[in-house]
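Here is the structure we will look at, set down as structure tokens.
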Amino acid sequence: MKTKLLFIDRDGVLIREDPNDPQIDSWEKFEFIPGMISWLKKIAQETDYQLVMVTNQDGLGSPSFSEDKFWPLQHFLIKTLEGEGVHFAAVHIDKSFPHENKNTRKPGIGMLADYMRDPFDLQNSFVIGDRQTDLMLAKNLGAKGILFKREGLPDIEIDAALQNACVLKTNSWEAVYKAVIPKRTAVVRRKTNETDILIRLNLDGSGEGKIQTGIGFFDHMLAQVSRHGLLDLEIAIQGDLHIDEHHTIEDCGLALGEAFAQALGDKRGIERYGFVLPMDDCLALAAVDFGGRPWLVWHAQFAREKIGEMPAEMIFHFFKSFSDAAKCNLNIEASGENEHHKCESIFKAFAKAIKMAVRRDEKNKALPTTKGVL
């Protein structure tokens, strides 16, 4: 896998910069950007970005800017971040003046030539800076740009030529975190002669669901998956219900499983396993393993032919289809007298199991396996 990078400016992004006195050469001028340490720490813990500091320090080493005034502050910055688990793989400092027009000075890429080749993934990397030159650097690298708005200055009007390079303009490190954290989303369209299905899934949602399968009870069950799994889930199905419910439910399971497989990606950092849930007279167990091997163990019986408009035999079939497409192991058991409660407890337990299994472990970015791949 190629390495993704965060090219991070220093002054105005990591530490505050006075627009009227931009040279940070004393402890009186040194102050961290609010929230920077905590959110950069989360980025370091939860992602596999390599961090690279890139900064222009006008005339560093000249009579106007003594290195003795620069390095104690720089070492303190690096040491403080290291103490919080934030490691910069490299620090690139250009010491020239603007009038020298050196290609090592941002937005030039002279200092960053080594990153222009494998194994680096610049297309999915970011440049985070507080000037248009940082956006220009992002464009020159083929990366995405985040413009950090400088305190005490009016909003920067981004040049038209740089609009496409800028994916975010903010003064919040929390917003930066949300922008660079990998999105665990999927959109799946499955169209056959029997069904036309569109699914939108966000594993890191808030439990919002919009379900339209044409089968009322099935809609109710899938809404439980969204709400109790804290997934944002949109499902729209046009199925051949004039024949029966079979294809609609089966194909929904396949499409939803495919959406989970896409959204989980390489599964790095997930808990992987995940629930016993009581509901009045019923008890359901749903255990899931997103380990790449599809298998379903099913111990649940239904006495009624249908629950609402949903054939009872299709409950098993839905989970079998999901397991096959998501490439996950599912073990489901349920007991009780009320068939509605029994079915609902299964879907709720399934939702809770998913919520546990897809949760990111903030302290562990490794794959949850010794095999090296899931």
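Counting in our numbering, the sequence shown runs from 5 upward without gaps.
Beta carbons: idealized from backbone N, C-alpha and C, even for Gly.
(1) Which residue or residues does DSSP assign as beta-bridge partners of A291?
(2) Note down the Cα distance separating A142 from V229, rounded to an integer number of angstroms.
(3) Can you check the segment 112-176 for any beta strand (DSSP E) of at least 3 residues that lies completely inside it and give the ranges in chain order?
(4) Do G261 and A329 count as a contact pair if the criterion is CB distance below 8 Å?
(5) Assign Y277 to one of three DSSP states: helix, strand, or coil.
(6) Can you have a look at A307 and say buried or exposed, based on whether 16 or more other CB atoms are within 10 angstroms of its CB?
(7) Under 8 Å, do D248 and T199 count as touching if we go by C-beta distance?
(8) Quick one: using the 10 Å Cβ neighbour count with 16 as the cut-off for buried, is W75 buried or exposed?
(9) Verify whether the separation of the beta carbon atoms of P123 and K214 is less than 8 Å.
(10) Are A190 and Q127 close, meaning C-beta to C-beta below 8 Å?
(11) Given a cut-off of 8 Å on the beta-carbon distance, is the pair A290 and A353 in contact?
(12) What number of angstroms, rounded off, separates the C-alpha of Y119 from the C-alpha of G257?
(13) Using 10 angstroms around the beta-carbon of P315, count the other beta-carbons present and answer buried if the total reaches 16, otherwise exposed.
(14) Where does S68 land, buried or exposed, given buried means 16+ other C-beta within 10 angstroms?
(15) Take S325 as the anchor and find which of A48, W299, I113 and M140 has the nearest alpha-carbon.
(16) Please confirm if the segment 153-168 is in contact with the segment 193-209, defined as three or more CB-CB distances below 8 Å between the two stretches.
(17) How long is the line joining the alpha carbons of K331 and G133, rounded to whole angstroms?
(18) Since A304 is in the alpha helix (DSSP H), which residue starts that stretch and which ends it?
(19) Would you report the Cα separation of G312 and L287, rounded to the nearest angstrom?
(20) If you follow the alpha helix (DSSP H) that M40 is part of, which residue opens it and which one closes it?
(21) The beta strand (DSSP E) with R193 in it runs from where to where?
(22) Could you check which residue in L172, H79 and K310 has the C-alpha nearest to that of A147?
(23) From the DSSP output, in three-state form, read off V17 for me.
(24) Under three-state DSSP, which class holds I215?
(25) Under DSSP, the alpha helix (DSSP H) around D255 begins and ends at which residues?
(26) Once the 5 residues before and after T174 are set aside, which same chain residues still bring their CB inside 6 Å of it?
(27) Compute the distance between the beta-carbons of P372 and R276, then report whether it is under 8 Å.
(28) Count the other CB atoms, across all protein chains shown, that sit within 10 Å of the CB of F80; report buried if there are 16 or more and exposed otherwise.
(29) For H96, which beta-bridge partners are listed by DSSP?
(30) Have a look at G376 and N168 and give me their C-alpha separation to the nearest angstrom.
(31) Indicate the three-state DSSP secondary structure (helix, strand or coil) for A240 in the structure shown.
Let me spell this out:
(1) N335
(2) 40 Å
(3) DSSP runs (the beta strand (DSSP E)) wholly in the segment 112-176: 130-133, 148-152 and 170-174.
(4) yes
(5) strand
(6) exposed
(7) no
(8) W75 is exposed by the Cβ-count criterion.
(9) no
(10) Cβ distance not < 8 Å, so A190 and Q127 don't count as in contact.
(11) If you check the CB distance, A290 and A353 come in under 8 Å.
(12) 43 Å
(13) buried
(14) exposed
(15) W299
(16) No: the two stretches stay apart, fewer than three of their Cβ pairs being nearer than 8 Å.
(17) 41 Å
(18) Element bounds for A304: n/a, residue is neither H nor E.
(19) 20 Å
(20) M40 to E50
(21) T189 to K195
(22) L172
(23) coil
(24) In this structure, I215 counts as strand in the three-state DSSP scheme.
(25) H250 to L268
(26) none
(27) yes
(28) exposed
(29) V58
(30) 37 Å
(31) Three-state DSSP puts A240 in a strand.
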